[in-house]
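To start, the structure under review is shown below, and the notes come after it.
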Amino acid sequence: MPTFQPVRGMRDLIGEEAQAFTCIIRKARETAERYGYREVITPVVEPLELLSAKSGDEIRQRMFIFKDLGERQVALRPEFTASIARLATTAFKNEPKPLRLFSVGTVYRYDEPQRGRYREFWQSNYELMGSAKPEADAEIILLTNHLMASLGLHGYAFKIGHIGVLRGILSQENVDEKTQNAILQRMDKKEYEAALKLVESEKCREMLKGLLEIKGNSWQDTVEQIKDYLADYEKARQAAENLGEVLELVTQSVNLTVTVEPAFARGLEYYTGTIFEVYIPELDIALGGGGRYDRLIEIFGGDSTPAVGCAHGIDRIAIALQMQETSFDAKKGKRVMVVYITEALKPIALKIAEQLRTSGITVEFEVMGRKTSKALEDADRRKVAFAVIVGERELKDGAVVLKDLVSRQQSTVPISELLEKVKG
Ligand code: AMP
Numbered sequence: 182m183p184t185f186q187p188v189r190g191m192r193d194l195i196g197e198e199a200q201a202f203t204c205i206i207r208k209a210r211e212t213a214e215r216y217g218y219r220e221v222i223t224p225v226v227e228p229l230e231l232l233s234a235k236s237g238d239e240i241r242q243r244m245f246i247f248k249d250l251g252e253r254q255v256a257l258r259p260e261f262t263a264s265i266a267r268l269a270t271t272a273f274k275n276e277p278k279p280l281r282l283f284s285v286g287t288v289y290r291y292d293e294p295q296r297g298r299y300r301e302f303w304q305s306n307y308e309l310m311g312s313a314k315p316e317a318d319a320e321i322i323l324l325t326n327h328l329m330a331s332l333g334l335h336g337y338a339f340k341i342g343h344i345g346v347l348r349g350i351l352s353q354e355n356v357d358e359k360t361q362n363a364i365l366q367r368m369d370k371k372e373y374e375a376a377l378k379l380v381e382s383e384k385c386r387e388m389l390k391g392l393l394e395i396k397g398n399s400w401q402d403t404v405e406q407i408k409d410y411l412a413d414y415e416k417a418r419q420a421a422e423n424l425g426e427v428l429e430l431v432t433q434s435v436n437l438t439v440t441v442e443p444a445f446a447r448g449l450e451y452y453t454g455t456i457f458e459v460y461i462p463e464l465d466i467a468l469g470g471g472g473r474y475d476r477l478i479e480i481f482g483g484d485s486t487p488a489v490g491c492a493h494g495i496d497r498i499a500i501a502l503q504m505q506e507t508s509f510d511a512k513k514g515k516r517v518m519v520v521y522i523t524e525a526l527k528p529i530a531l532k533i534a535e536q537l538r539t540s541g542i543t544v545e546f547e548v549m550g551r552k553t554s555k556a557l558e559d560a561d562r563r564k565v566a567f568a569v570i571v572g573e574r575e576l577k578d579g580a581v582v583l584k585d586l587v588s589r590q591q592s593t594v595p596i597s598e599l600l601e602k603v604k605g
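Note that our numbering has the sequence shown beginning at 182, numbered continuously upward.
Next comes the structure, spelled out in structure tokens:
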């Protein structure tokens, strides 16, 4: 028989890794609650048409696409935003704005597998729809910061830009949208020479080159330099102005390390405004990113709805936590093992186990029919905190033996006081 392995680029998460994921997802969900985002659960498989509209070649070429048995062209979702935008035009069509939605789950991209880059990976995703104001952009950045901080990550920095800067220059220089997309895609990969080669006009090329060289001493300085540089490019200048407004709001609310990158681009085609990514110094791949997309919902047949959102890579956050040796609290409650001395006591032992579970205690019941001593050895090995031993003699007085497996002490405890003692 062959031994089966997961599909290339996909992983089993077991033991501590699975625990880390659960913990990150819990924090992501808490962050959603804290900022008023409602959770939605959408299908992993979506119509190909929905997923390929406006996601950009980069992602389109890496989708898992197939025909279902009904000859429908479908794909595994490579991100959440398209599904959420679909909801905005259907189930939430008449919902008052702003609309704040949260999702968490797996997404699929045919990337070249390496550490931090998988073909199946997890994202927590937040979308804020209905506001074109800088405070909406600020909120998405602030909640990303909140999540990173609540996980105990440190030293992380935000890389921020505005897609309107590059698009503003390119549009004014009459570069068509398709070429613009191709240029931005190369810029995203830092293939600047290849990007500049796609620009026909010498003047436009020089403009972009100059933009790439701008570097200020602070984000305020960089934004000012960009604005000065774009004096003749009104749309692009307004984009830089907008970026400054967003950053003003963010940095007045929290202490953040921010670098402004004037020629920053991201792989997804639908962005129209601010874009950002968050990094830790130990890793050169982004832990999360997002941006403003004001036209996507309209493209999907909805009313014109400005929106901004972000996604965090849970697999990469898990790596970051490990690298920074952050011991996030797994909130492990004390575990209890319930064992019984004789077969006849099994039903009452099980009843005691159920009562403890109902009161919120984690209980493992002896299901292997082992001798008490063997069961306790196993409990020790698995670092269970207490053993509840149900025996004939104590039960006659409505009691059981409670053994503390750390201090090795044991005492007879009335069943009515058991919960209190275990919690104690
Ligand atoms: P995006 O949807 O491209 O904006 O990506 C958002 C986040 O998802 C990134 O910042 C990464 O943390 C994570 N991510 C993207 N691609 C992968 C991948 N192939 N494997 C693991 N995480 C990824």
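Cβ atoms here follow ideal geometry from the backbone N, Cα and C, with glycine treated the same way.
Just list the residues that DSSP pairs residue i with in beta bridges.
i, result
"E227", "A256"
"M191", "DSSP, once it has assigned bridges, lists no residue as partnering M191."
"V285", "S305"
"G342", "I456"
"H493", "S305 and G469"
"Y521", "V571"
"L583", "V569 and S592"
"E545", "M518"
"M310", "L280 and A488"
"F247", "V255"
"Q242", "According to DSSP, which records beta bridges pairwise, Q242 is partnered with nothing at all."
"R298", "Q295"
"R219", "L282"
"T440", "K340"
Just checking my contact of residue i with residue j at CB under 8 Å: how many whole Å lie between their CB atoms?
i, j, result
"F283", "Y307", "5 Å"
"A266", "V489", "Going by Cβ atoms, the distance from A266 to V489 rounds to 12 Å, so no, they are not a contact pair."
"S305", "I495", "6 Å"
"T325", "H493", "7 Å"
"P487", "S312", "6 Å"
"V285", "I206", "6 Å"
Could you check whether the Cβ of residue i sits closer than 7 Å to any heavy atom belonging to the ligand AMP?
i, result
"R290", "yes"
"G237", "no"
"L449", "yes"
"R473", "no"
"Q304", "yes"
"A488", "no"
"L468", "yes"
"G494", "yes"
"E198", "no"
"E442", "no"
"E458", "yes"
"E260", "yes"
"Y452", "no"
"Y299", "yes"
"R497", "yes"
Might you give, ordered along the chain, the residues of its own chain that have their beta carbon closer than 7 Å to the beta carbon of residue i, omitting 5 neighbours on each side?
i, result
"K512", "The pLDDT assigned to K512 is 49, lower than 50, so where the model puts this residue is not dependable; a value taken from the coordinates is nonetheless given after this. Excluding sequence neighbours, K512 sits near nothing in its chain."
"I480", "A234 and K235"
"L586", "A560, D561, V565, A566, F567 and A568"
"E239", "Q366 and G448"
"I322", "F339, V431 and F457"
"T553", "V520, I522 and I570"
"Q406", "I395 and G397"
"T270", "I478, F481, G482 and G483"
"K208", "L328, S331 and L332"
"A580", "T593, V594, P595 and I596"
"A446", "I344, L347, L365, M368 and D369"
Between residue i and chain B, is there a C-beta pair that is closer than 8 Å?
i, result
"A421", "The structure shown contains no chain B, having only a single protein chain."
Got a sec? Which residues, its chain only, sit under 8 Å from residue i by beta carbon, not counting five neighbours each side?
i, result
"A444", "G342, V346, L347, M368, Y373, L389, L392 and L393"
"R189", "P294 and R300"
"K408", "R418, A421, E422 and G425"
"R253", "P228"
Only counting the same chain, and skipping five residues up and downstream in sequence, which positions put a Cβ closer than 6 Å to that of residue i?
i, result
"Y451", "K235, Y474 and L477"
"F250", "The question names Phe, but residue 250 is Leu in the sequence shown. Contacts found: none."
"T440", "K340"
"A319", "V427, L430 and V431"
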